[in-house]
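Visitor:
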Amino acid sequence: MKKTLRITAIAIYAVVFGFPLYWVTTMAIKPKAEENPPGITLWKPQDPTIKNFKDILGLSKTSDSAFATAKDYSALTPLKNSFLAAGGGTLLALAVGVFAAYGIARFRAGGAQLPFQILQLRMFPPAAVVIPLYFMFIYLKLWNTLPGLILIYGAVTFPFVVWLMRSFFQDVPREISEAAIVDGCTQWGAFFKAVLPQVKGGLAATGLFVFILNWSDYLIVLVMTQDKWTTAPLFLSTLSGGAGGQEYGHQAALAVLLILPPAILGLSIQKYLVRGLTFGAIKR
Amino acid sequence: MSSITLKSLSKHFGTLRAVDNLDLDVPHGSFTALLGPSGCGKTTTMNMISGLEQPTTGEVYFDERAMSGVETGRRNVGFVFQNYAIFTHMTVAENLGFGLQSQRRRERVSKEEIDRRVKEVAETVGLSSALDRGAARLSVNDLQKVALGRAMIMRPTIFLLDEPFSNLDSAFRAYMRAELKRIQHDVGQTMVYVTHDQVEAMGMADRIAVMDRGELQQYGSPDDLYERPANTFVARFIGSVLNNFLPVRYADGGLAVGEGRVELGDRRAAFESRATASDLTATIRPERVRVVDPGDASATIRAVVTLVEPLGPKDVVHLEHDGTALRVALPPSERPAIGAALGLCFDPDQVHVFDDSTGLAVR
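Here the protein sequences come in this chain order: A and B. Oh and the first sequence: position 96 is 96 in the numbering used here, straight run, nothing missing. Oh and the second sequence: position 264 is 264 in the numbering used here, straight run, nothing missing.
#1: Shorter than 8 Å from the beta carbon of D183/A to some beta carbon of chain B?
#2: Quick one: which chain B residues come within Cβ less than 7 Å of E35/A?
#3: From P286/B, R261/B, S166/B, F245/B, pick the residue whose C-alpha is nearest to that of F354/B; which is it?
#4: Rounding to the nearest angstrom, what Cα-Cα distance links T44/B and Q54/B in this structure?
#5: Run the CB neighbour count on V351/B, radius 10 Å, all protein chains shown included, and call it buried at 16 or more, exposed below.
#6: Using a Cβ-Cβ cut-off of less than 9 Å, list which residues of the region 191-207 of chain A approach chain B; keep chain order.
#7: Hey, which unbroken runs of the alpha helix (DSSP H) at 4 residues or more fall wholly within the region 140-220 of chain A?
#8: When you compare the CB positions of P115/A and V156/A, do they come within less than 8 Å of one another, or not?
#9: Is the beta carbon of G214/B closer than 8 Å to that of V19/B?
#10: If you drop the 5 nearest sequence neighbours on each side, which residues of the same chain put their C-beta closer than 6 Å to that of F346/B?
#11: Can you have a look at L9/B and say buried or exposed, based on whether 16 or more other CB atoms are within 10 angstroms of its CB?
#12: In three-state terms, what does DSSP make of S28/B?
#13: Applying a beta-carbon distance threshold of less than 8 Å, which residues of chain B neighbour I176/A?
#14: May I have the straight-line CA-CA distance separating K283/A from V140/B, to the nearest angstrom?
#15: Where does F17/A land, buried or exposed, given buried means 16+ other C-beta within 10 angstroms?
#16: Assuming the contact rule is C-beta atoms closer than 8 Å, T195/B and F159/B should be a hit. Round their C-beta distance to whole Å, please.
#17: Rounding to the nearest angstrom, what Cα-Cα distance links P397/B and R302/B in this structure?
#18: On a Cα-Cα basis, can you pick out the residue from V24/A, Q120/A, G87/A, S167/A that is closest to W215/A?
#19: For the region 41-56 of chain B, list every residue whose C-beta sits within 9 Å of some C-beta in chain A, in sequence order.
#20: Taking just the CA atoms, how far does L21/A sit from R108/A?
#21: Using a Cβ distance threshold of 8 Å, determine whether the region 91-98 of chain B contacts the region 131-138 of chain B, with at least three qualifying pairs required.
#22: Taking 7 Å as the cut-off, does the CB of G36/B come closer than this to any heavy atom belonging to the ligand ADP?
#23: Between L190/A and G97/B, what straight-line distance do the alpha-carbon atoms span, to the nearest angstrom?
#24: Please say whether E287/B and A306/B have beta carbons closer to each other than 8 Å?
#25: From the DSSP output, read off the bridge partner residues of E309/B.
#26: Inspect the CB distances between the region 51-61 of chain A and the region 237-257 of chain A and report whether three or more fall short of 8 Å.
#27: Taking G258/B as the reference, give the member of F271/B, R268/B, T281/B, R274/B with the closest Cα.
#28: Is it buried or exposed for I49/B, if we count other Cβ within 10 angstroms and need 16 for buried?
#29: Going by C-alpha to C-alpha distance, which of Y134/A, K51/A, G184/A sits closest to R75/B?
#30: When the Cα atoms are used, what is the spatial distance from N47/B to P156/B?
#31: Given this structure, state the Cα-to-Cα distance separating G41/B from N21/B, to the nearest angstrom.
#32: G51/B and T72/B: beta carbons closer than 8 Å?
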């Protein structure tokens, strides 16, 4: 009885989360005519094609639309920008946040209130600050530039890095760094050789979390860039309009591609991730 | 080998005086225990000796050399932490070699030399077969050995051990105590050992410094502390069976204890010269009380048995006298019945008297 209930619950859960994935992957391989046929619901593609992917990856020479060239569908530049901006922002947030978290966790740097002050940076919606930031960035000549985007992604995800890493560092006994210092290490040496390897699971989990946040950003890039210079999520929303209507097939193909990097990253660091996400729950 | 001298050493955290005005001389090659309840400042003292914490005031000397400004890694101390502080991302061999590795450039130790010394130390602490194992999978007992080996491999002149055996099971603890004493005897290093377990301190150390609330209470040999406690704290803290405390009055060269009397003899001068007439408390070790027939004329007081605790080699007999709980140690062959009356005879030489207003011994 209990088992049946559990399986039912898991099945419902799987359907709720699985259906959008099913929808987007099938849509990605439907030809244009099957995308949104009036009056009928197509549960599976009748005539599957990889044309949408080829268009998105810039592999098509010709366009089937009278209003767009093949080049207009290529998401290569936005994808590259997404990688650079999300990856760079994540590295920046980690580089600054990890040291800040260690300082707070080990040396109580900044006093008892500092962690809350840092978290406060995330207590209002990003929309509240994005307009003032727009003017600041224009003044600083960072608006509509890749370094500007990296900087802002690093800044908005930095509080998460501090909070997550702080709790991981707090789980490492102070004596670990002291033992390294007794053995002749400097504070820096003790941090890199003895403390950081102890939290690599937490570091992997934090990095992945922050990367996903940056990777899926829409609002900031919407305000902070213009023209063709953009990242993939914003480009996805531009795959529409004109006489062509919504380009569901192309949008779905790009969405599938956008799922891949976080998924691959997650799988490749899985062995650290499990430990990172359960850190503190296990006896060390 | 080095001696350690602490001169008016203090460490204050805000208003908390973790260590207050501590003077201590640890001679060359001695085995000294810092003993006290948790929070008495013994670990803070160790951290100041190692340099992990800077004293608020005062100075630490190794031999004659002041240590302020000498960083921890250059003090040549070996430190064994209470929770071992093993690097779980490394193998046993990497843990043992860590100190030599991190000093390799400075001290010019070759890789072969590191290998050789790792093997040598592993042999000494009994880890030869576990060198390639990941430290994360070691048992608590093996973690302890790694911690000890990691400190030994640096050939420190001073060995600092912070409650190293408190997490071990009792059989292995007894084994490690003996091992440690053997190692200390063989290499003759100066060892400072922090513990809250007075049995451990009494059994291992040449000298014991008893601390409470950041202050040194008494410093001496185990026998000194047991036979001649300087104050009521030491009298209470030292001894495997809780000491007996009795309110007494001084009268005419003797102590009035309940209905009985203990003659002081030559010691009366110390009592007569006391400026104030504050209350007194006498102590006598449970092992040193002579038990006689309640009708015996030599009995100082008579008390009623309330509980018998058999401990194997001896029984601890709990008694009550006029609202005061007392304990005596008796061989199991003389185990009394609960409710029986016993005569307790206090030998004047075994009775220590403390001034209630200061807690200090009256001598």
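Cβ atoms here follow ideal geometry from the backbone N, Cα and C, with glycine treated the same way. The structure displayed is predicted, hence computed values, not measured ones.
Guide: On the basis of the supplied data:
#1: yes
#2: In chain order: nothing, as chain B lies at least about 52 Å away.
#3: F245/B
#4: 10 Å
#5: buried
#6: K193, A194, P197, Q198, K200
#7: 146-170, 174-182, 187-190, 200-215
#8: no
#9: yes
#10: V262, I284, T300
#11: buried
#12: The sequence given here places His at residue 28/B; Ser does not occur at that position. Three-state DSSP puts H28/B in coil, outside helix and strand.
#13: A85, F87
#14: Its pLDDT being 39, under 50, K283/A is placed unreliably by the model, and the measurement read from it follows with that caveat. Spanning the two alpha carbons is a distance of roughly 12 Å.
#15: exposed
#16: Not really, about 14 Å apart at Cβ, beyond 8 Å.
#17: A query on residue 397/B cannot be resolved here, the shown segment of chain B reaching from 1 to 363 and no further.
#18: G87/A
#19: N47, S50, G51, L52
#20: 44 Å
#21: yes
#22: What this structure holds is no ligand at all, so the ligand ADP is not there to describe.
#23: This sequence places Ala at residue 190/A; Leu is not what is there. Looking at the two C-alpha atoms, the distance is approximately 15 Å.
#24: Per the sequence shown, the amino acid found at residue 306/B is Thr instead of Ala. The answer is no: Cβ separation not under 8 Å.
#25: V316/B
#26: yes
#27: T281/B
#28: buried
#29: G184/A
#30: 16 Å
#31: 11 Å
#32: yes
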